[in-house]
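Student: First the structure, which I've put down as structure tokens, then a few questions once you've had a look.
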Amino acid sequence: MFKNSMRSMRSMRLLQSLGALVALLLGGWSLPALAALHVFASVPEWGALAREVGGERVNVFVATTAMQDPHRIEAKPSLIARARGSQLVLATGADLEIGWLPLVLRESGNGAIQPGQPGYLEATSVLRLLEVPTRLDRADGDVHPGGNPHVQLDPRNILKVADALGERLIRLDPAGEAVYKARLADFTARWKAAMQRWEKEAAPLRGVGVWVQHRSFIYLDEWLGIRELGALEPKPGVEPGSAHLAGLLERQKASPGRMILRPAYASPKSSDWMGEKAGIPVVVLPFTVGGSPEAKDLFGLFDDSLRRLLAALK
Amino acid sequence: MKHLHLGALCAALAGVWPTFALGAPAEAADSSLKQLREQVRELRESYEQRIQALEKRLAEAEGRATQAQAVARQADVRVEAVAQSVARVETRPAAPVVGAKSGEGAFNPAISLILDSKFTRFQRDPSQYRIDGFIPSGGEVGPPKKGFSLGESELAISANVDHLFRADARFALAEDDGAGVVEVEEASIQTLALPEGLKLKAGRFLSGIGYLNQQHPHEWDFADAPLVYKAFLGPRLQNDGAQLRWVAPTPFFLEFGTEVASGESYPGAERGKNGAGLWTAFVHTGGDVGESGAWQAGLSHVHANPRERQFEDNGLTNAFSGRSQLWVADFVYKWAPQGNSRDTSFKLQGEYFQRREKGDLTHDLEGAALTSASRFRQSGGYLQAVYQFMPRWRVGVRGDWLNAGTVDLGSLSSAELPILGAYSPRRQSAMLDWSPSEFSRVRLQLSRDKSRADEADNQVWLQYIMSLGAHGAHKF
């Protein structure tokens, strides 16, 4: 820390300007040196995963909450300040954070967390994405060229990201290798056991037809064999109109869905309307950690999601 | 074919047998008859054996054929599965459409084009626009022409140059008196990997002072710039120079910056000298208020020493030489329920400018050239609020004011410089905009502009802004 502030003092002296003077004064007043590795997670699920794998050795900051639409985040000053002090940025990728994260990273002035550096990890870099568009046209709505980025609701994806995160933590903090390895092994074992339980519990959901608000649940559907009949949004990111919803009601008569799925952050208006007209329950899924009181961590996220889905079947 | 052969054979045998039986004379010898019967029996047995053998072979052949068919079907299924998994593998890469490119085009930079067009209705002639009480800033500060007008189309290109640098270029394509002009709005590089939170930018760039100065016109919440920007920065500070910024390692946002620039445009003037003609310093800080609110505030300073900064007034050319100092205080507060701006959001934004200029003012540079000591202490500001009342729809109001403040013209008077007569311009605006997606916006704006002394201009603006291609993140 002392060496760092010496280096900053030297370069600052070159400036000989007002800003530099104040900078010098503030250089001594930086955060105390903490042993923990500072992890900046773009969304709550990766923050929760970093806590599972990193434990006490990491200090996790989560940039967004479950109540925020992950597509509409702003490059807030507080995020730039947090990115400045981070050693690892764990993001989803596949353009989910394109509206804010690239700017936050550039504005932070932190060279270690720029894309391409060891301090930057995208979850989707180790996953197989679904719904990769074969044509790119903004007339199709808010499409993600890399595929659907809402990967966190397939627990198999969580395992893969956990592995990649473990490797990356060891690379950035070699002294903690034993801790990370042990925590990762422990998490993997607990997660696999939970997955077996979830798959057993979720058996009644196989083949069940559902409507969705936004195409946020395709990984969950693929994992559990839930049949997605269609989305309330006519195009990704476009609010449903009444004509479109009326069309869906007609389709509901022909091939009835059992429920409507909506993430916690989405507006209840259209799904509630459709649920009432079609006489089927609207299931508000936490979507990520913190999306419901029960979804306190990754295990809670899946426990609560399944509980809500199964309750709607009854 | 084998079936037919066997059938014919059986029929022939069946026909032969009774013929033999009926055709034999009754009185023929018993032995010869017996012999004949024996022969026929043997014949029949041997044929039956052969038929059975043939049938057996046929059945075997048929079995093999169905087996072959089944194998063929299985092979088909396998081929299909392989094709499917190949297709899946082919569609698998993280960014197959964009990222799978190779060759010369693979590293094309991000390109975006912004189209902006206006339809306006003004009471006063926009070509006679001036801000009374203030030395004209000389930039493009007036409203567009009446009726339909094509605003500036912005072409922006950006990419990482390598692991150390990123470059941004932005060109404004506009029309000036019927001739197409291309202006270089920005052409700058910035560092990506300086240590300790330092960032260096060089080239032509929008200065980091204030809040609105760094925003491009398509990001504005109103169709035109605030009066203070028009009067003091004409209408924004664009530097040819270098900028150094430093983000402090504090838990809240704190950033310091300084710039040195040629200072050849307002508030500076053409110099033809070595070194820098303008410098700035600024600090910005910000943070969150709970999970719903976020704020940013800043203080900036611009210092320039213009020599013979010319301006036109009453048909004569005048000039100012001296020292120009500008202070800007800015703040912005944004609110959205639980930080989710999908349905409703609110934004309050304001800036206050104060400028002091001291030096020699020359009246009628090319004629009488009367010079006098002069001193100005002028200020102004704007305050605006924008409320998103439902998804895609926003309303906003803005108040603009300028204070003529202290104008000491020494031995000159406002009889010689009518534009510097004591006058404090005001303007009020209201707007409604609709953004069907984040790439398009249509806006209606009403303004009452009293930039000109005793001449109110009631304005109606209808504007669209469309964004094509790559569209990077906007600043807070």
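Residue numbers (the numbering used here), protein chains in the order written: chain A, 1 to 314; chain B, 1001 to 1476. Don't be surprised by glycine CBs; every beta carbon is placed ideally from N, CA and C.
#1: Listing by chain order, which chain A residues have their CB less than 9 Å from the CB of residue 1340 of chain B?
#2: The region 1234-1264 of chain B: which residues have C-beta closer than 9 Å to a C-beta of chain A, in chain order?
#3: On the DSSP letters alone, give me the boundaries of the beta strand (DSSP E) that residue 1381 of chain B sits inside.
#4: Does any CB atom of chain B fall closer than 7 Å to the CB of residue 102 of chain A?
#5: Should residue 1434 of chain B be labelled buried (16 or more other beta-carbon atoms within 10 Å of its own) or exposed?
#6: Report the residue ranges of all beta strand (DSSP E) runs contained in full by the region 182-213 of chain A; include only those spanning at least 3 residues, in chain order.
#7: Under three-state DSSP, which class holds residue 1469 of chain B?
#8: Do residue 226 of chain A and residue 248 of chain A come within 7 Å of each other at the CB atom, strictly closer than that value?
#9: Comparing alpha-carbon positions, which option in A:78, A:93, A:164, A:269 lies nearest residue 43 of chain A?
#10: Quick one, are the C-beta atoms of residue 1469 of chain B and residue 1111 of chain B less than 7 Å apart?
#11: Using the C-alpha atoms, what's the distance from residue 278 of chain A back to residue 1084 of chain B?
#12: If we require 3 or more residues per run, which beta strand (DSSP E) segments fall completely within the region 27-110 of chain A?
#13: Who are the near neighbours of residue 1392 of chain B in its chain, counting only those whose CB is closer than 8 Å to its CB and skipping five residues on each side?
#14: Please work out which residues of its chain come closer than 7 Å, Cβ to Cβ, to residue 1000 of chain B, disregarding the five sequence neighbours upstream and downstream, and give them in chain order.
#15: Within 10 Å of its beta-carbon, does residue 1079 of chain B have 16 or more other beta-carbons around it, so buried, or fewer, so exposed?
#16: Tell me the DSSP secondary structure of residue 304 of chain A in three-state form.
#17: State the start and end residues of the unbroken alpha helix (DSSP H) segment that holds residue 275 of chain A.
#18: If residue 1230 of chain B and residue 1131 of chain B are in contact, beta carbons under 8 Å, what's the gap, nearest whole angstrom?
#19: Please name the residue, chosen from B:1286, B:1301, B:1157, B:1125, that lies closest to residue 1295 of chain B on a Cα-to-Cα basis.
#20: Is residue 235 of chain A close to chain B? Criterion is C-beta to C-beta, closer than 7 Å.
#21: Please report the Cβ distance between residue 1206 of chain B and residue 1166 of chain B, rounded to the nearest whole angstrom; I am assuming they are in contact, meaning their Cβ atoms lie under 8 Å.
#22: Find out if the Cβ-Cβ distance for the pair residue 75 of chain A, residue 53 of chain A is shorter than 7 Å.
#23: For the putative contact between residue 1152 of chain B and residue 1169 of chain B, defined by C-beta atoms under 8 Å, what is the C-beta separation to the nearest angstrom?
#24: Just verifying my parser: in three-state terms, what is the DSSP assignment at residue 1135 of chain B?
#25: With 9 Å as the C-beta to C-beta threshold (strictly closer), list the residues of the region 1282-1306 of chain B near chain A in chain order.
#26: Exposed or buried, residue 1177 of chain B, counting other C-beta atoms within 10 Å across all chains shown (16 or more means buried)?
#27: Quick one: what's got a C-beta closer than 7 Å to residue 1260 of chain B's C-beta in the same chain, skipping five residues either side?
#28: Determine, for residue 81 of chain A, whether the minimum Cβ-Cβ distance to residues of chain B falls below 7 Å.
#29: Where do the ends of the alpha helix (DSSP H) carrying residue 158 of chain A lie?
#30: Which residues does DSSP pair with residue 1047 of chain B in a beta bridge?
#31: What residues in the region 1332-1356 of chain B have a beta carbon less than 8 Å from any beta carbon of chain A?
#32: Considering only the alpha carbon of each residue, which of B:1265, B:1293, B:1336 lies closest to residue 1304 of chain B?
#33: May I ask you to report which of helix, strand or coil DSSP gives residue 238 of chain A?
#34: Using a Cβ-Cβ distance cut-off of 7 Å, determine whether residue 77 of chain A contacts chain B.
#35: Is residue 84 of chain A close to chain B, meaning its C-beta is less than 7 Å from at least one C-beta of that chain?
#36: Any C-beta of chain A sitting closer than 7 Å to the C-beta of residue 1391 of chain B?
Tutor: Well, looking at it:
#1: Walking along the second sequence from the start, residue 1340 of chain B turns up at place 340. Correct list: 65, 67, 68, 69, 72, 265.
#2: 1244, 1245, 1246, 1247, 1248, 1249, 1250, 1251, 1252, 1253, 1254, 1255, 1256, 1257, 1258, 1260
#3: Looking up residue 1381 of chain B in the second sequence gives position 381. Counting along the chain, the beta strand (DSSP E) containing residue 1381 of chain B begins and ends at 1370-1390.
#4: Numbered from 1 along the first sequence, position 102 holds the residue referred to as residue 102 of chain A. By this cut-off, residue 102 of chain A is an interface position.
#5: Locating residue 1434 of chain B in the second sequence gives position 434, counting from the first residue. So residue 1434 of chain B ends up on the exposed side.
#6: For the region 182-213 of chain A, whole beta strand (DSSP E) runs of length 3 or above, ordered along the chain, are 209-212.
#7: In the second sequence, counting from the first residue as 1, residue 1469 of chain B sits at position 469. Three-state result, residue 1469 of chain B: strand.
#8: Indexing the first sequence from 1 puts residue 248 of chain A at position 248. Indexing the first sequence from 1 puts residue 226 of chain A at position 226. No. Outside cutoff.
#9: Your numbering for residue 43 of chain A matches position 43 in the first sequence. It is A:93.
#10: Residue numbering aside, residue 1469 of chain B sits at position 469 when the second sequence is read from its first letter. Residue numbering aside, residue 1111 of chain B sits at position 111 when the second sequence is read from its first letter. At a Cβ-Cβ threshold of 7 Å, residue 1469 of chain B and residue 1111 of chain B count as neighbours.
#11: The count along the second sequence starts at 1 and reaches residue 1084 of chain B at position 84. The count along the first sequence starts at 1 and reaches residue 278 of chain A at position 278. For residue 1084 of chain B, the predicted structure reports a pLDDT of 46, less than 50, and the residue's modelled location is therefore unreliable. The matter cannot be settled from this model.
#12: 37-41, 58-62, 88-91
#13: Counting from one through the second sequence, the residue named residue 1392 of chain B turns up at place 392. Counting only Cβ-Cβ distances below 8 Å, and skipping sequence neighbours, we find 1434, 1435, 1436.
#14: Look at the range of chain B in this structure, 1001 to 1476, and you will see that residue 1000 of chain B is not part of it.
#15: Here the question's residue 1079 of chain B lines up with position 79 in the second sequence. Reliability of the predicted coordinates at residue 1079 of chain B is poor, the pLDDT of 48 falling under 50, and the value obtained from them is presented with this limitation in mind. It is exposed - the Cβ of residue 1079 of chain B has fewer than 16 other Cβ atoms within 10 Å.
#16: Counting from one through the first sequence, the residue named residue 304 of chain A turns up at place 304. Three-state DSSP puts residue 304 of chain A in a helix.
#17: Numbered from 1 along the first sequence, position 275 holds the residue referred to as residue 275 of chain A. Its alpha helix (DSSP H) spans residues 269-278.
#18: Your numbering for residue 1230 of chain B matches position 230 in the second sequence. Your numbering for residue 1131 of chain B matches position 131 in the second sequence. Correct: roughly 6 Å between the Cβ atoms.
#19: Here residue 1295 of chain B is taken as the residue at index 295 of the second sequence, counted from 1. The shortest Cα separation from residue 1295 of chain B among B:1286, B:1301, B:1157, B:1125 belongs to B:1286.
#20: Translated into positions along the first sequence, residue 235 of chain A becomes position 235. Contact with chain B is absent for residue 235 of chain A, since none of that chain's Cβ atoms lies less than 7 Å from the residue's Cβ.
#21: The residue you call residue 1206 of chain B lines up with position 206 of the second sequence. The residue you call residue 1166 of chain B lines up with position 166 of the second sequence. That pair is no contact at about 16 Å.
#22: The residue you call residue 75 of chain A lines up with position 75 of the first sequence. The residue you call residue 53 of chain A lines up with position 53 of the first sequence. Contact flag unset, no.
#23: For this step, residue 1152 of chain B is matched to residue 152 along the second sequence. For this step, residue 1169 of chain B is matched to residue 169 along the second sequence. With a Cβ gap of about 15 Å, residue 1152 of chain B and residue 1169 of chain B do not count as contacting.
#24: The sequence position of residue 1135 of chain B within the second sequence is 135, counting from 1. Residue 1135 of chain B falls in the coil class under three-state DSSP.
#25: 1282, 1283, 1284, 1285, 1286, 1287, 1288, 1291, 1294, 1295, 1296, 1301
#26: In the second sequence, the residue the question calls residue 1177 of chain B occupies position 177. It counts as exposed.
#27: Position 260 of the second sequence holds residue 1260 of chain B. Within the same chain, residue 1260 of chain B has close Cβ partners 1241, 1242, 1276, 1279.
#28: Residue mapping note: residue 81 of chain A aligns to position 81 of the first sequence, counting from 1. Interface residue, yes.
#29: Locating residue 158 of chain A in the first sequence gives position 158, counting from the first residue. It spans 155-172 - the alpha helix (DSSP H) in which residue 158 of chain A sits, taken as one unbroken run.
#30: For the purposes of this step, residue 1047 of chain B is taken as the residue at position 47 of the second sequence. DSSP lists no partner for residue 1047 of chain B.
#31: 1334, 1338, 1339, 1340, 1341, 1342, 1343
#32: The count along the second sequence starts at 1 and reaches residue 1304 of chain B at position 304. Nearest option by C-alpha distance: B:1265.
#33: Locating residue 238 of chain A in the first sequence gives position 238, where the first residue counts as 1. DSSP places residue 238 of chain A in coil when its eight states are reduced to three.
#34: As a first step, residue 77 of chain A is located in the first sequence; it is residue number 77 there, counting from the start. Interface residue, yes.
#35: Residue 84 of chain A sits at position 84 when you count from the first residue of the first sequence. Chain B contact via Cβ: present.
#36: Looking up residue 1391 of chain B in the second sequence gives position 391. At least one chain A Cβ lies under 7 Å of residue 1391 of chain B.
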